[in-house]
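**Student:** Quick one: the structure is below, and I'll ask about it shortly.
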Amino acid sequence: MKIPAENAILDYFPNFISLDQARSLEKRLHEEVAFSQDQISMYGKVLDIPRLQAWFGDGSYQYSGIMMNPQPWTPALLEIKQLVEEKANCQFNSALVNLYRNHQDSVGWHSDDEKELGVNPIIASISFGAKRMFKLKHKQTQAKLDVPLIEGSLLIMSGETQHYWQHAVLKEKINPGSRINITFRQLV
Ligand SMILES: O=C(O)CCC(=O)C(=O)O
Numbered sequence: 001m002k003i004p005a006e007n008a009i010l011d012y013f014p015n016f017i018s019l020d021q022a023r024s025l026e027k028r029l030h031e032e033v034a035f036s037q038d039q040i041s042m043y044g045k046v047l048d049i050p051r052l053q054a055w056f057g058d059g060s061y062q063y064s065g066i067m068m069n070p071q072p073w074t075p076a077l078l079e080i081k082q083l084v085e086e087k088a089n090c091q092f093n094s095a096l097v098n099l100y101r102n103h104q105d106s107v108g109w110h111s112d113d114e115k116e117l118g119v120n121p122i123i124a125s126i127s128f129g130a131k132r133m134f135k136l137k138h139k140q141t142q143a144k145l146d147v148p149l150i151e152g153s154l155l156i157m158s159g160e161t162q163h164y165w166q167h168a169v170l171k172e173k174i175n176p177g178s179r180i181n182i183t184f185r186q187l188v
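The numbers in this note's numbering rise by one with no breaks, and the one at position 17 of the sequence shown is 17.
Here it is as C-alpha cells:
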C-alpha cells in the first residue's frame with residue numbers, strides 16, 4: 001500500500017508476515033541478538049539512549065555520535081533479510097536492530113541521511129511485538145503523518161523521503177509491551 005506524502009515514497013505492508021511467523025521470529029531475535037545499551041554525550045553529560053540496539057553489517061556505523069561495531073548475522077536475521085529483500089526488490093548489507101523495552105523507550109526526530117547511506121537510500125523497516133506510532137514530519141511544510149507500525153508490518157522508505165522528512169518513535173503514556181524494529185539499509 002502506498003502512503004501518499006509530498007516528496008516521499010512510502011510503501012506500507014501491514015500484514016507483511018503472519019502473526020505466527022512474526023511471534024516466532026521475535027522470540028528468536030530475543031535469543032540470538034546481543035542488544036547493548038549505547039550512550040550519547042549531550043550537554044557535557046553521558047546519557048543512556050532510551051532503547052537497546054545492535055548493529056549488523058560489513059563495517060561499523062556511526063550515527064548521532066554513537067559508533068556501532070557489527071555483530072555477525074544471526075540465522076533469524078538472515079531469514080528476515082531475505083524476506084524483506086524479495087519484497088523491496090533490492091539487497092541490503094546492514095541492519096540496525098532496536099529493542100524498545102516499553103513505552104518509555106523511544107527515538108527522537110531524525111532522518112536516515114548519513115552519507116554512507118548514499119543519496120536516496122531505501123530503508124526497509126520491519127516491526128515485531130507491540131504496535132508503536134511511527135511519526136513523520138516534513139522539514140519544510142511541517143506536514144505530519146502517523147503510521148501505526150503493527151506486529152509483522154513492513155514500511156519501505158525510498159526516493160527523496162530522507163531529504164524532506166524526519167521521523168521519530170516518541171514515548172507513549174500507556175505501556176504496550178516490548179517491540180523490536182529492524183531497519184535494513186544499504187551502506188555504500
Ligand atoms: O523503530 C522504528 O520504527 C524506527 C527506528 C528508526 O527510525 C531508526 O532506528 O533510525
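We treat Cβ as the ideally placed atom computed from N, Cα and C, and that holds for glycine.
Is any heavy atom of ligand 1 found at a distance shorter than 6 Å from the C-beta of F134?
**Tutor:** Looking up residue 134 in the sequence shown gives position 134. Flag set: Cβ of F134 near ligand 1.
**Student:** Please name the residue in S153, N175, S178 whose C-alpha comes closest to that of D20.
**Tutor:** Here residue 20 is taken as the residue at index 20 of the sequence shown, counted from 1. Of S153, N175, S178, the residue nearest in Cα terms is S153.
**Student:** May I ask you to report which of helix, strand or coil DSSP gives R51?
**Tutor:** In the sequence shown, counting from the first residue as 1, residue 51 sits at position 51. R51 falls in the coil class under three-state DSSP.
**Student:** Given this structure, state the Cα-to-Cα distance separating A8 from A168, to the nearest angstrom.
**Tutor:** Position 8 of the sequence shown, counted from the start, is the residue given in the question as residue 8. Position 168 of the sequence shown, counted from the start, is the residue given in the question as residue 168. If I take the Cα positions, the gap works out to 16 Å.
**Student:** With 16 other CB atoms within 10 Å as the buried threshold, where does K171 fall?
**Tutor:** Along the sequence shown, read from residue 1 onward, the residue named residue 171 stands at position 171. It counts as exposed.
**Student:** Touching or not, the stretch 38-46 and the stretch 139-149, by the rule of three or more beta carbon pairs under 8 Å?
**Tutor:** Verdict: no, contact absent.
**Student:** Report all residues from its chain with a CB closer than 8 Å to the CB of K81; omit the five preceding and five following residues, and keep chain order.
**Tutor:** Along the sequence shown, one-based indexing puts residue 81 at 81. The residues are W73, F92, A95, F184.
**Student:** Please report the distance separating the alpha-carbon of H163 from that of S111.
**Tutor:** Translated into the one-based positions of the sequence shown, residue 163 becomes position 163. Translated into the one-based positions of the sequence shown, residue 111 becomes position 111. Each residue's alpha carbon lies about 7 Å from the other.
**Student:** Roughly how many whole angstroms lie between the Cα atoms of L52 and P4?
**Tutor:** Residue 52 sits at position 52 when you count from the first residue of the sequence shown. Residue 4 sits at position 4 when you count from the first residue of the sequence shown. Straight-line Cα distance between these residues: approximately 31 Å.
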